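Participant: Structure incoming, see below.
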């Protein structure tokens, strides 16, 4: 069956997130039939080879360009530093590859749009890897929101506080550091997931470090019909109580710590557990095994010829990055 | 010993909160030696008598004035509708009684100040009954905040969402309805408990109903040194996940549902449980047994001649009501 043709992946970046993505992908029950890690590229040949050995990838490249030039590769996962996301995405699309690129694609909607427009023009899949959206429990949340079980939903809250400002990259402006693009985006995507539209008003606060990147923020999103969302994120604190709630007139949904990759979700009548298997290479980030859903989703989209994801597609990227633009403007964040 | 002389209470109001206060007070181990419910007053003699029978109070009055005139009464608990708080407080102070008055004392700081100034002038205790502050776990929270265990505290969050807009009184402007004064005040007192100073900036949102009282709100408090608090409250939703967190660079405190009268608090190294006994008359509100701490605190203050509470004193009433004033102004709430 043509739909089951193996997807040959090129992986750009041999760092922590690429490790987790590959390890998680290999836990998919249909991995052997649907996915193959064909090549790894890193900034050094040695680093790429070491990564290739772990995941039994046949090729290791010391240059990202080699991935673009490899005719065996159908899709590229981009897990490199933020500042390279747009350039590598464009390079891979130009070479005719589908792309899954880590978030944030770019610091502004305008730059994101360039990539999306080019993917559309080339008739290729482009997926910004907001991995939360591909968790099956996120579908269950959406179904519950749409079911009417909660009555009128008027309040959403999220909290994402982890000590990432201790990571050097996050403190630096030249590396697109700061928390809005790194963790705030998860709070924003959650509110967008529930309300599915642009807020009418955005009220943002955020503190900049000496270099001018933001270290924390409290944001209020005001939607039509007096609906609200309150977002809290910080890179300056120890790990917090990183839950989310959706509150309606008849009930609530509670998404347990960590809400962006939840292990359990309390719906009106039931609690969903989301158990994720260990991968062949230990994960670096919390519950990273959930990256498997992203790989699975990319396969299904491509094999069904659907190039705009219904879970996190063009309109979602636009909504989220337009909110980021407005928050950036209000807090004086500029790269 | 003079310090143990029984405190003779007059109770104004025979409603739900007065029931809970009396029932909770009677669970104090030293109740018989320290407290006596001497008289109950309600708007009707019949209602007062019914209440007096439950609590074995020797006197029942159909008028609040009778409480003021009763020479046996040393302290008055005011548990009547918000709009009567100032008038009755002034009446009781004028008659030389100490006063514990339910929150909110008044919709504006200016009106609160009148009562506090008069209490000072008369050398009587006046306690606005923000009962959270008298819970022993709130002392433990404060100690932990001051201990340095959490490192630099930069983020505080609270959430208080319950379906109180279904209560008619809360929807009406002439009865001082709305959520800011009823439940928002608990979120505010919590932030004040942690930071202990006025915020430098207040950003408030809140939706007014057709009568002009507020139904929900998201508020951001910005403190010196880039410290923040995010407050969420709503009377339009089903009961939410009403927790609070205090986040520092080294650790966090998590205050379990319901944060304003918690049954447990997670500190850095320990979890404190706050078990509260059942009272002789069933409680109407969640964990109301905690009102016992308020009565206990009033006794200790009066018998030690301390008329400004170190747990919730004049400066606290001022801070909290000045924040309420600013939020009211921003959202267009006016009684």
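Chains as they are written, first to last, in UniProt numbering: chain A, 1 to 335; chain B, 1 to 335. Where is the CB? At the ideal position from N, CA and C, for every residue including glycine. Since the model is a prediction, treat every value here as computed from it, not as a measurement.
(1) Just to confirm before moving on: does the CB-CB distance between residue 239 of chain B and residue 163 of chain B stay below 8 Å?
(2) From the DSSP output, in three-state form, read off residue 273 of chain B for me.
(3) So, residue 204 of chain B versus residue 25 of chain B, is the Cβ gap smaller than 8 Å?
(4) Does any residue of chain B bring its CB to less than 8 Å from the CB of residue 1 of chain A?
(5) Spell out whether any CB of chain A is found under 8 Å from the CB atom of residue 220 of chain B.
(6) In chain B, what lies closer than 9 Å to residue 203 of chain A by C-beta?
(7) Verify the CB distance criterion: does residue 228 of chain B have a CB-CB separation below 8 Å to chain A?
(8) What in chain B is Cβ-close to residue 238 of chain A, meaning under 9 Å?
(9) Of all Cβ atoms in chain A, is any one closer than 8 Å to the Cβ of residue 146 of chain B?
(10) Checking contacts by CB at 8 Å: is residue 158 of chain B closer than that to chain A?
(11) Grab the span of the beta strand (DSSP E) containing residue 230 of chain B for me, first residue to last.
(12) Whole angstroms are fine: how far does the CA of residue 250 of chain A sit from the CA of residue 270 of chain A?
(13) Are the Cβ atoms of residue 108 of chain A and residue 316 of chain A separated by less than 8 Å?
(14) Among B:305, B:252 and B:242, which one has its Cα closest to the Cα of residue 263 of chain B?
(15) According to DSSP, simplified to helix, strand and coil, what is residue 326 of chain A?
(16) If you drop the 5 nearest sequence neighbours on each side, which residues of the same chain put their C-beta closer than 7 Å to that of residue 137 of chain A?
(17) If you draw a straight line from the C-alpha of residue 341 of chain A to the C-alpha of residue 279 of chain A, how long is it?
(18) State yes or no: is the beta carbon of residue 155 of chain A nearer than 8 Å to at least one beta carbon in chain B?
(19) Would you call the CB atoms of residue 76 of chain A and residue 12 of chain A closer than 8 Å?
(20) Mind checking which residues open and close the beta strand (DSSP E) that includes residue 18 of chain A?
(21) Which whole-angstrom value is the C-beta distance of residue 93 of chain A and residue 78 of chain A, which I expect to be below 8 Å?
(22) Counting only the same chain and skipping the five closest in sequence on each side, list residues whose C-beta sits under 7 Å from that of residue 267 of chain A.
(23) Residues of chain B with a CB under 9 Å from the CB of residue 243 of chain A: which are they?
(24) Within the segment 17 to 98 of chain B, note down every full beta strand (DSSP E) run reaching 3 residues or more, in order along the chain.
(25) So, does the segment 203 to 219 of chain B touch the segment 161 to 176 of chain B, judging by three or more C-beta pairs under 8 Å?
(26) How would you list, in chain order, the residues of chain B whose beta-carbon sits under 7 Å from the beta-carbon of residue 232 of chain A?
(27) Is it the case that the segment 120 to 136 of chain B contacts the segment 95 to 111 of chain B, given that we only count it when at least three CB pairs across the two stretches are under 8 Å?
(28) Please classify residue 296 of chain B: does DSSP put it in a helix, a strand, or coil?
(29) In chain A, what lies closer than 7 Å to residue 161 of chain B by C-beta?
(30) Residue 147 of chain A lies in the beta strand (DSSP E); which residues open and close that run?
(31) For the putative contact between residue 38 of chain A and residue 155 of chain B, defined by C-beta atoms under 8 Å, what is the C-beta separation to the nearest angstrom?
(32) Using CA coordinates, which residue listed in A:191, A:289, A:300 and A:104 is at the minimum distance from residue 321 of chain A?
(33) Just the Cα atoms here: how many angstroms apart are residue 152 of chain B and residue 248 of chain B?
(34) Per DSSP, which one or two residues make a beta bridge with residue 9 of chain B?
(35) Please tell me whether residue 68 of chain B and residue 47 of chain B are closer than 8 Å, where the distance is taken between their beta carbons.
(36) Let me check understanding here. Comparing Cα to Cα, which of A:201, A:21, A:185 and A:246 lies closest to residue 233 of chain A?
Facilitator: Quick answer:
(1) It is a contact, given that the beta carbons lie within the stated cut-off.
(2) Look at residue 273 of chain B here: in three-state DSSP terms it is strand.
(3) Taking 8 Å as the Cβ cut-off, residue 204 of chain B and residue 25 of chain B do not qualify as a contacting pair.
(4) With a pLDDT of 42 at residue 1 of chain A, under the threshold of 50, the modelled position of this residue cannot be trusted; read the value that follows with caution. Contact with chain B is absent for residue 1 of chain A, since none of that chain's Cβ atoms lies less than 8 Å from the residue's Cβ.
(5) Yes, because at least one Cβ of chain A sits closer than 8 Å to the Cβ of residue 220 of chain B.
(6) Near residue 203 of chain A (Cβ distances below 9 Å), the residues of chain B are 203, 205, 218 and 220.
(7) Closer than 8 Å to some Cβ of chain A, the Cβ of residue 228 of chain B qualifies, so yes.
(8) Residues of chain B whose Cβ lies closer than 9 Å to the Cβ of residue 238 of chain A are, in chain order, 150, 151, 247, 248, 249, 250, 251 and 252.
(9) Between residue 146 of chain B and chain A, the shortest Cβ-Cβ separation is not below 8 Å.
(10) Taking Cβ atoms only, chain A never reaches closer than 8 Å to residue 158 of chain B, which makes this a no.
(11) Run containing residue 230 of chain B: 227 to 234, per the beta strand (DSSP E) assignment.
(12) Within the model, the alpha-carbon separation for residue 270 of chain A versus residue 250 of chain A is close to 15 Å.
(13) No.
(14) Restricting attention to B:305, B:252 and B:242, the CA atom closest to the CA of residue 263 of chain B is found in B:242.
(15) Reduced to three states, the DSSP call for residue 326 of chain A is helix.
(16) These residues qualify, in order along the chain: 262, 265, 272 and 274.
(17) Only positions 1 to 335 of chain A appear in this structure, which leaves residue 341 of chain A out of reach.
(18) Yes, residue 155 of chain A lies at the interface with chain B (some Cβ there is under 8 Å from its Cβ).
(19) Using a Cβ distance threshold of 8 Å, residue 76 of chain A and residue 12 of chain A count as a contacting pair.
(20) Looking at the DSSP string, residue 18 of chain A is not in any beta strand (DSSP E); the run it does join, the alpha helix (DSSP H), is 16 to 25.
(21) About 11 Å; that fails the 8 Å criterion.
(22) The answer, listed in chain order, is 140, 144 and 253.
(23) Contact annotation for residue 243 of chain A against chain B: 241 and 243 [CB-CB distance below 9 Å, chain order].
(24) Fully enclosed beta strand (DSSP E) runs of 3 or longer: 35 to 41, 59 to 61 and 75 to 78.
(25) With a cut-off of 8 Å, the segment 161 to 176 of chain B and the segment 203 to 219 of chain B count as touching, because enough Cβ pairs lie within range.
(26) Those within 7 Å of residue 232 of chain A in chain B are 155, 157 and 230.
(27) Yes, since at least three Cβ pairs between the segment 95 to 111 of chain B and the segment 120 to 136 of chain B fall closer than 8 Å, the two stretches touch.
(28) DSSP places residue 296 of chain B in helix when its eight states are reduced to three.
(29) Near residue 161 of chain B (Cβ distances below 7 Å), the residues of chain A are 155 and 247.
(30) Residue 147 of chain A -> not in any beta strand (DSSP E); alpha helix (DSSP H) instead, spanning 136 to 147.
(31) The beta carbons of residue 38 of chain A and residue 155 of chain B sit about 44 Å from each other, so the pair does not count as a contact at 8 Å.
(32) Restricting attention to A:191, A:289, A:300 and A:104, the CA atom closest to the CA of residue 321 of chain A is found in A:104.
(33) So the alpha carbons of these two residues sit roughly 5 Å apart.
(34) Paired residue(s): B:37 and B:75.
(35) If you check the CB distance, residue 68 of chain B and residue 47 of chain B do not come in under 8 Å.
(36) The shortest C-alpha separation from residue 233 of chain A is found at A:185.
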